[in-house]
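Have a look at the structure below before the remarks.
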Amino acid sequence: MQLLNDLLNIQSVSGDESPMKKFLINLILQRMQSWKVTPFMYTGEEFHDCILLKFGNPRTAVFAHMDTIGFMTRYHDQLIAIGGPESEDGTELVGEDSLGPISCKLKNIDGNLFHDFPRAIERGTNLSFAQNIRIHEGYIQAAYLDNRLGVYNALKVCESLKDGWVVFSTYEEHGGGSMPFLLKFIMENAPIKQALISDITWVTDGVTHGNGVAISIRDKFIPRRSFINKVIELAKNSKVAFQLEVEDAGGSDGREIQFSPYAVDWCFIGAPEDNVHSPNEKVALYDLECMIDLYKYLMTHL
Numbered sequence: 031m032q033l034l035n036d037l038l039n040i041q042s043v044s045g046d047e048s049p050m051k052k053f054l055i056n057l058i059l060q061r062m063q064s065w066k067v068t069p070f071m072y073t074g075e076e077f078h079d080c081i082l083l084k085f086g087n088p089r090t091a092v093f094a095h096m097d098t099i100g101f102m103t104r105y106h107d108q109l110i111a112i113g114g115p116e117s118e119d120g121t122e123l124v125g126e127d128s129l130g131p132i133s134c135k136l137k138n139i140d141g142n143l144f145h146d147f148p149r150a151i152e153r154g155t156n157l158s159f160a161q162n163i164r165i166h167e168g169y170i171q172a173a174y175l176d177n178r179l180g181v182y183n184a185l186k187v188c189e190s191l192k193d194g195w196v197v198f199s200t201y202e203e204h205g206g207g208s209m210p211f212l213l214k215f216i217m218e219n220a221p222i223k224q225a226l227i228s229d230i231t232w233v234t235d236g237v238t239h240g241n242g243v244a245i246s247i248r249d250k251f252i253p254r255r256s257f258i259n260k261v262i263e264l265a266k267n268s269k270v271a272f273q274l275e276v277e278d279a280g281g282s283d284g285r286e287i288q289f290s291p292y293a294v295d296w297c298f299i300g301a302p303e304d305n306v307h308s309p310n311e312k313v314a315l316y317d318l319e320c321m322i323d324l325y326k327y328l329m330t331h332l
C-alpha cells in the first residue's frame, strides 16, 4: 500500500495538478520497464499537466483524473471552494505560499468560508484537507480517495496491459476541460471506440460497501445502453463481484466524452465510497480489489 499512501499525500487541487504529474512521470519511468508492455508516454506543455500512455494497438482507453477538490484563498481570510468540498467548521486545511507551509482550520460562518491562519495567506493559494490515512477492519479511510484510488487502479492496470490507452486527466472536479484536447490527440494518433472512467462513486441505498465495484448504468448523464450491456456481460463472465448503479446526479470525465464530436462509448466503473468529498472518505478494500480485477479483465476482453 506504499504507492497508495504516496498518492494520497500529494496535493493536487484542480488547476494545480503539476505536483501529481511530476510524481507520476517519475514513477512511470521507474516502473515501465517491468510492465508486460513498455508504453509510449506523451506529456509536456502540449498536454498541460496531463499524461497519456499508449500500450500496443489501443481499442479502449482508461481515464483517471488527477485533481482533487479544495479551497482557494481570497481576501481578508476568505476562502472559495474548488469543486464541491464539504465545508464543516473546524476542518483542518494545509497548503503553502511563498512565506512557508500553512496549517489552519476552516471557519464556516453562515455559509461564508474563512481560515484561521495567524497571518494573511497570499491570494490564490490552494488549500486542501489535511491527510489522515486509516486502514482498519477491511476499509481505507482518508481524504481524496476520490480520485487517488482511480489513479492507483489505472497504474495497476498498466502492469499487465498489452493494448490500450491509460490517461491521467486534469480539472475534472471543477468543470473539466482537459478531455477535449486529450480525445482529439487520441483520435488523431491511435483511435479508440470505447472508454472506461476510473473514478470513485457513492455509497447509496442501492450501492453498498463490500459488494464489489460499481458499474454505472447512468448518473446525470446516460451512456449508450448497448455498450453498458456489453460491459455487464463481460463483468458476469469475469466472476468479479460487481453491483449496478443507477443515479440521477453526478458526473465524470465520461460527460465530456459524450459531449465530444467523437463516437466513443464510455462507462464509469468505480468502487463506492462513503463521506464523499470530506476528509473522511471511506472505501472497502474488497471493492477496490474488485475494481482493479475488473479493469484488468475488461481491458483484455473489450
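Numbered as in the numbering used here, the sequence shown ends at 332 without a single skipped number.
From the three backbone atoms N, C-alpha and C, an ideal C-beta is built for every residue, glycine too.
Looking at the secondary structure, which residues open and close the beta strand (DSSP E) in which residue i lies?
i	result
Phe70	70-72
His331	First-last for His331: 315-331, but that is the alpha helix (DSSP H), not the beta strand (DSSP E).
Gln171	169-172
Asp295	295-300
Gly194	194-199
Asn156	156-159
CA-CA distance, residue i and residue j?
i	j	result
Arg248	Met71	32 Å
Val124	Phe77	28 Å
Glu286	Pro210	7 Å
Leu175	Met217	30 Å
Lys137	Ile112	16 Å
His307	Asp46	18 Å
Asp323	Leu59	24 Å
Lys135	Phe272	39 Å
Asp304	Leu38	17 Å
Met96	Asp36	13 Å
Asn162	Leu318	19 Å
Arg153	Glu116	21 Å
Phe257	Asp295	7 Å
Glu263	Leu129	55 Å
Trp195	Glu202	18 Å
Lys84	Glu126	35 Å
Ala184	Leu82	11 Å
Gly141	Ala293	42 Å
Out of the options, point me to the one whose CA is closest to residue i's CA.
i	options	result
Asp7	Ile139, Asn267, Val233, Gly280	The requested residue 7 is not part of the displayed model; the chain covers only 31 to 332.
Tyr177	Ala150, Ile40, Gly74	Note on identity: in this sequence residue 177 is Asn, with Tyr being the wrong assignment. With distances taken between Cα atoms, Asn177 lies closest to Ile40.
Ala91	Tyr169, Gln224, Ile299	Gln224
Ile170	Lys326, Glu311, Leu332, Val270	Glu311
Ser4	Cys297, Ala271, Glu275	Past the boundaries of the shown model lies residue 4; the chain is included only from 31 to 332, so the question cannot be answered.
Gly180	Ile299, Leu332, Met329	Ile299
Ser48	Leu185, Asp79, Gly207, Ile151	Asp79
Ser268	Lys326, Val67, Asp278, Asn219	Lys326
Gly240	His331, Ala314, Leu34, Asp229	Ala314
Phe159	Ile132, Lys250, Thr121	Thr121
Applying the 10 Å Cβ sphere with the 16-neighbour rule, what's the burial state of residue i?
i	result
Ile252	exposed
His106	exposed
Met31	exposed
His166	exposed
Ala301	buried
Glu75	exposed
Ile110	exposed
Lys266	exposed
Lys192	exposed
Pro309	buried
Lys52	exposed
Val187	buried
Leu328	buried
Val43	buried
Asp229	buried
Leu274	exposed
For the alpha helix (DSSP H) containing residue i, list its first residue and its last residue.
i	result
Gln273	Note, Gln273: premise wrong, no alpha helix (DSSP H); beta strand (DSSP E) at 272-276.
Gly180	175-188
Phe215	209-219
Ile22	Past the boundaries of the shown model lies residue 22; the chain is included only from 31 to 332, so the question cannot be answered.
Using beta carbons (cut-off 9 Å, strictly below), is residue i in contact with chain D?
i	result
Arg153	Judged by its chain identifiers, the structure shown contains no chain D, having just a single protein chain.
CB of residue i to nearest heavy atom of the ligand GDP: below 8 Å?
i	result
Asn39	Ligands in the displayed structure: none, and consequently the ligand GDP is not present.
Report task. Count the C-beta pairs between the region 90-109 and the region 232-251 that are closer than 8 Å, then say yes if the count reaches three, no if not. Result -> In this structure the region 90-109 does not touch the region 232-251; the number of beta carbon pairs closer than 8 Å is below three.
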